[in-house]
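These notes concern the structure reproduced below.
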Amino acid sequence: MNLGNLKTSLALRSVVFILLISGLVGLLFLLVGRNLVAEHEQSRFQEQLDQLLNTIQNPASIAIFLSDKQLATEVAAGLVQNDSVWAVTIQTAGDVLAHLPAGEALPAEAANIVRKVTSPFEQNEVIGEITLYPDNIAMKSEINTNIYYVTLFFIGQLLAVALSILAVVIHSVTRPIEQISHRLHTLKVEAGEKLAFPSGSEDDEIGTLVKDVNALIDNLISLLTNERQLRSDLETEEKRFRAIVENAETGIFLMGEDQTLLSANPAFCHFFSITARDIDDQRVRFSDILGESIDSVQHLIKHCMETGESATADIRREGLGGERWFNLIISTIGTNMFQGVANDITDRKAVEVAAEQQAVTDALTGISNRLGFEHQFKWLMDTCLRFPEHRFALLMIDLDRFKEANDTYGHLAGDKVLVAVAERLTKAIRRTDFAARLGGDEFAVVLHSTDDPKIIEKLASKIIDSLGQPIPIDDGLSAQIGASIGIVVHKDGELSMSGLMAKADEAMYAAKKAGRNTFRFWSQQPE
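Per my numbering, the very first residue in the sequence shown carries number 12; after that it's consecutive.
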């Protein structure tokens with residue numbers, strides 16, 4: 012048998028499986044039937060011997076009664092002629108009248124049948140016995156012959172059943188399936204062709220299979236139609252989207268997991284001075300075009316990977332045209348790609364910077380106002396928290412005789428005095444220091460990174476000397492003012508702006524009481 016055919020032929024496989032199952036079941040029944048046949052044949056053999064003994068019962072009774080050896084020998088000869096009998100012994104109570112075959116030795120274990128013989132005249136009187144030895148070899152041969160024919164009959168029946176099943180399977184199953192398979196290979200599904208029902212299989216399982224296949228064909232045609240329409244719509248949308256992307260003023264890009272640019276529209280290439288050829292050759296890494304903003308973008312990418320959400324940040328980039336600002340939005344695509352958009356916000360950033368600068372700048376003097384001072388002080392507090400060893404000094408400055416100049420020369424002259432004070436303050440302090448107008452004629456100076464009294468005193472004296480110089484106003488006139496300065500040095504402990512300003516104010520009022528145009532440290536105040 013070809014194993015390839017066994018794997019590919021449903022009919023042959025079905026017959027083989029049926030034969031195997033039937034053979035196993037038949038073998039079991041055959042073993043049981045063999046014993047039953049043997050028992051039946053033995054029983055029949057026994058009945059046959061009993062009938063022989065019944066037949067010779069009367070002649071044997073007479074021969075034993077008369078002790079007639081001749082007659083006994085004739086009776087024994089008649090029994091021995093039977094194929095089922097091996098040997099016979101006829102004897103009286105004390106004498107053997109006949110034994111055939113003569114001189115035949117009997118094995119000790121030989122099975123025998125003993126029949127008691129009664130008197131022909133007195134039924135209750137036993138006068139002798141007949142011992143009959145069956146021919147076991149003949150009996151076994153006959154039993155084996157019967158079993159052999161029964162086995163042949165069973166095998167023939169099994170083959171007939173298998174061939175019948177094979178014919179039914181081929182006619183009712185495999186042939187219709189082959190017809191369906193052949194038809195499927197030539198079926199023009201796209202044209203709407205469907206399977207025809209095999210003859211006689213309209214309502215059975217084969218018919219159900221054909222119905223299901225035809226239903227699948229209907230679904231497939233519907234899907235193909237929808238797919239064509241979707242493809243057409245997709246091509247239209249893709250053209251529209253490409254036109255939008257190619258002509259958009261917003262930079263659009265696609266980036267790999269290793270931050271290599273995979274694609275970008277013309278606006279993005281223009282923003283970052285790269286070419287489409289460089290991107291096609293995968294020679295541009297996103298980090299190469301970011302400059303000092305790389306850390307911010309790395310943070311965005313990490314945020315996207317960890318949360319799966321979009322992230323945005325404003326980045327600065329120096330180019331041939333000067334400083335440019337871009338708003339960058341990055342989001343993930345799958346697990347190893349990123350997409351993003353970049354918008355040029357340089358103009359907006361300039362407006363924001365100007366607005367922020369205006370918000371913290373005193374409109375009259377051009378130095379920081381109270382809000383700017385508060386921002387500076389917040390930064391100082393954060394710095395001292397991170398670096399406890401950081402030191403600074405706060406100078407609160409109140410102008411002396413400003414009200415007299417303002418009342419004498421008018422408000423416009425007063426404004427000029429304030430502007431001059433701001434200019435002289437800025438020149439008197441170091442570049443690292445900070446000056447602000449808190450309101451009216453009140454100013455403040457922060458001396459960074461110092462708690463040395465000599466340096467502080469030198470700068471305070473320089474400020475007083477500078478502000479004590481005449482300040483020119485219109486028509487050759489000049490105003491003479493002075494300054495009282497209160498100083499507090501931050502070393503440890505106090506970090507609140509209100510607390511330090513209160514201490515500096517106390518020191519400043521002490522300077523005024525001391526005659527004005529001088530300075531005092533808060534630590535020098537009397538308790």
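C-beta atoms are modelled at their ideal positions from N, C-alpha and C, and glycine is treated no differently.
| field | Endpoints, alpha helix (DSSP H) assigned at Ile305 | value | 305-318
| message | If you reduce the DSSP assignment to three classes, tell me which class Phe208 lands in. | response | coil
| said: Just list the residues that DSSP pairs Glu2 with in beta bridges. | reply: Not covered by the structure: residue 2. The range shown for the chain is 12 to 538.
| said: So Ile148 and Val99 are supposed to be a Cβ contact under 8 Å. How far apart are they, rounded? | reply: About 17 Å separates the two Cβ atoms, so there is no contact after all.
| query | Going by the beta-carbon positions, is the gap between Leu436 and Ile474 smaller than 8 Å? | reply | yes
| field | Rounded separation between Thr376 and Gly267 - CA only | value | 52 Å
| field | Straight-line Cα distance separating Asn417 from Ala446 | value | For Ala446 and Asn417, the distance between alpha carbons rounds to 22 Å.
| task | Compute the distance between the beta-carbons of Ser78 and Leu108, then report whether it is under 8 Å. | result | yes
| Between the region 398-408 and the region 456-472, are three or more C-beta pairs nearer than 8 Å? | yes
| task | Tell me His110's beta-bridge partners as DSSP assigns them. | result | Thr100
| request: Mind checking who Phe337 pairs with in its DSSP beta bridge? | output: Ile326, Asp355
| task | Kindly indicate which three-state DSSP category His459 falls into: helix, strand or coil? | result | strand
| Helix or strand or just coil, what does DSSP make of Leu488? | coil
| query | Can the beta-carbon of Ile326 be found closer than 8 Å to that of Ser298? | reply | no
| query | According to DSSP, is His401 helix, strand or coil? | reply | coil
| said: Using the three-state DSSP reduction, which class does Arg294 fall into: helix, strand or coil? | reply: Under the three-state reduction of DSSP, Arg294 is assigned to coil, being neither helix nor strand.
| task | Give the range of the beta strand (DSSP E) segment to which Glu136 is assigned. | result | Where Glu136 is concerned, there is no enclosing beta strand (DSSP E), given that its DSSP letter is neither H nor E.
| query | Buried or exposed: which applies to Ile75, given that a residue is buried once 16 or more other Cβ atoms fall within 10 Å of its Cβ? | reply | buried
| field | Which listed residue (His310, Asp452, Ser509) has its alpha carbon closest to that of Glu415 | value | Out of His310, Asp452, Ser509, Asp452 has the C-alpha closest to the C-alpha of Glu415.
| On the three-state DSSP scale, how would you describe Glu385? | Helix at Glu385.
| said: At the level of alpha carbons, what is the spacing between Gly319 and Thr343? | reply: Just so you know, the alpha carbons of Gly319 and Thr343 end up roughly 6 Å apart.
| Assigned exposure category for Lys313 - 16 Cβ within 10 Å defines buried | exposed
| field | Beta-carbon proximity of Ile300 to Ile290, cut-off 8 Å | value | In this structure, Ile300 sits away from Ile290, with a CB-CB distance that is not shorter than 8 Å.
| message | For the pair the region 62-70 and the region 33-53, tell me if three or more CB-CB distances fall below 8 Å. | response | no
| said: Our contact map puts Ala471 next to Ile492 with C-beta atoms below 8 Å; I'd like the distance itself, whole angstroms only. | reply: Ile492 and Ala471 do not touch by the CB rule: their CB atoms are close to 16 Å apart, not below 8 Å.
| request: Assess, as a yes-or-no matter, whether the region 29-41 is touched by the region 188-199 under the definition of 3 or more beta carbon pairs within less than 8 Å. | output: The way I'd put it, the region 188-199 doesn't touch the region 29-41; fewer than three beta-carbon pairs between them come closer than 8 Å.
| task | Output the residue ranges of the beta strand (DSSP E) runs that lie fully inside the region 37-107 and measure 3 residues or longer, sorted by chain position. | result | 96-103
| Quick one: what does DSSP say Ile181 is sitting in, helix, strand or coil? | helix
| field | Assigned exposure category for Gly425 - 16 Cβ within 10 Å defines buried | value | Result: buried.
| query | What are the uninterrupted segments assigned as beta strand (DSSP E) that are 3 or more residues long and contained completely in the region 228-298, given in chain order? | reply | 262-267, 272-275
| Whole-Å CB distance - Ala431 paired with Arg448, under 8 Å assumed | Contact flag wrong, Cβ pair sits at about 12 Å.
| task | Please work out which residues of its chain come closer than 8 Å, Cβ to Cβ, to Asp516, disregarding the five sequence neighbours upstream and downstream, and give them in chain order. | result | Met407, Gly497
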